[in-house]
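To keep things clear, I will list the structure first and then write my remarks on it.
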Amino acid sequence: MHFLDTLNPEQREAVLHVNGPLLILAGAGSGKTKVITSRIAYLVGDGHARPGEVLAVTFTNKAAEEMRARVETLLGEDCSRMWVSTFHALCARLLRREAPAIGLSRDFVIYDSSDQLTVVKQALKELQIDDSFVQPRAALSRISHAKNRMESPEQMTASAGWNRRDEHIARVYAKYLAVLKESSALDFDDLLLETVDLFEQSAAVRQKYSEQFRFVMVDEYQDTNRPQYMLIRRISELYRNLCVVGDPDQSIYKWRGADLRNILDFEQDF
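Numbering (my numbering), first residue to last: 173 to 442.
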């Protein structure tokens, strides 16, 4: 555990905290990644958890790979059984295993942004909506924002009021959902939504993974949206060993439905 000597007193306190929820508020350059990776290495190296019982989630593939590589260096062993990934990769992995529990095929395809755009353009054409009045990219962005807030096409229609553009986008949204369902396809937002649905609907799945993951860590927690919050809350509900790291002053995903209340209300929630 030589790496513990490289930590300052506050970092060390966070790393050595084992049981119960932990909120780490840390600004840029204060060694957040160092604390998370050291804590994972400590939990596994000191025998509190096996590698497969640790889940660490972040927002980019680069951050996830860096986190895994650092933990392997600290422990001096292979950490391939450890679940270190982005939210979307985690959800895709869970759905490939458990999708039938919510009537979804394991062989679903994942639509990228160009596939999504094709579906939106086709919907505009079929609904005879002029794409100069509702631009395809703007409609897609609005649909994504609605999904991140867990808002249905019906709710979008209800909140549109007298706004004709929003009314049209709500119709496109409904069509978009129907096409994806027919094609057995999910977009990136659906990966989250379907996994939340999986954990809400299937008690067996919920129990399986909340028992497996004794320790859950989330980086950049200030950037989580509602589906991500609900998923993490479900996964960590048994042991409640949830450690979140973030800085409310650094939220950069407001446009993607990031909800600052997730970090501000952490103490109340956990």
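For each residue, glycine too, the CB sits at the ideal point set by N, CA and C.
- Between residue 240 and residue 256, the CB-CB gap stays under 8 Å.
- The beta-carbon separation of residue 273 and residue 363, rounded to 15 Å, does not stay under the 8 Å limit for a contact.
- When the beta-carbon positions are compared, residue 303 and residue 296 come within less than 8 Å of each other.
- Note that the C-beta distance between residue 291 and residue 348 is below 8 Å.
- Within the same chain, 382 come within 6 Å of residue 409 by CB-CB distance, once the 5 residues on both sides are set aside.
- For residue 228, the secondary structure class from DSSP, reduced to helix, strand or coil, is strand.
- Going by DSSP, residue 257 is part of no alpha helix (DSSP H) but of the beta strand (DSSP E) stretching over 255–258.
- Of the residues 212, 316 and 415, the one whose Cα lies closest to the Cα of residue 249 is 212.
- Rounded to whole angstroms, the gap between the alpha carbons of residue 220 and residue 352 is 43 Å.
- Distances from the alpha-carbon of residue 208 to those of 218, 196 and 217 put 196 closest.
- By the CB criterion at 8 Å, residue 267 and residue 403 fall outside the cutoff.
- Comparing alpha-carbon positions, the option among 260, 419 and 439 lying closest to residue 201 turns out to be 419.
- Between the segment 386–400 and the segment 307–316 there are fewer than three inter-stretch CB-CB distances shorter than 8 Å, so the stretches are not counted as touching.
- Going by DSSP, residue 217 is part of no beta strand (DSSP E) but of the alpha helix (DSSP H) stretching over 204–217.
- By alpha-carbon distance to residue 421, the top candidate from 173, 330, 431 and 413 is 431.
- The alpha carbon of residue 435 has as its nearest neighbour, out of 394, 251 and 324, the alpha carbon of 394.
- Annotation: the continuous beta strand (DSSP E) that includes residue 387 extends over 387–390.
- Out of 245, 361 and 346, the CA that lies nearest to the CA of residue 354 is found in 346.
- The C-beta distance from residue 234 to residue 417 rounds to 17 Å, too long to meet the 8 Å contact threshold.
- Here the C-alpha atom of residue 407 lies approximately 32 Å from the C-alpha atom of residue 342.
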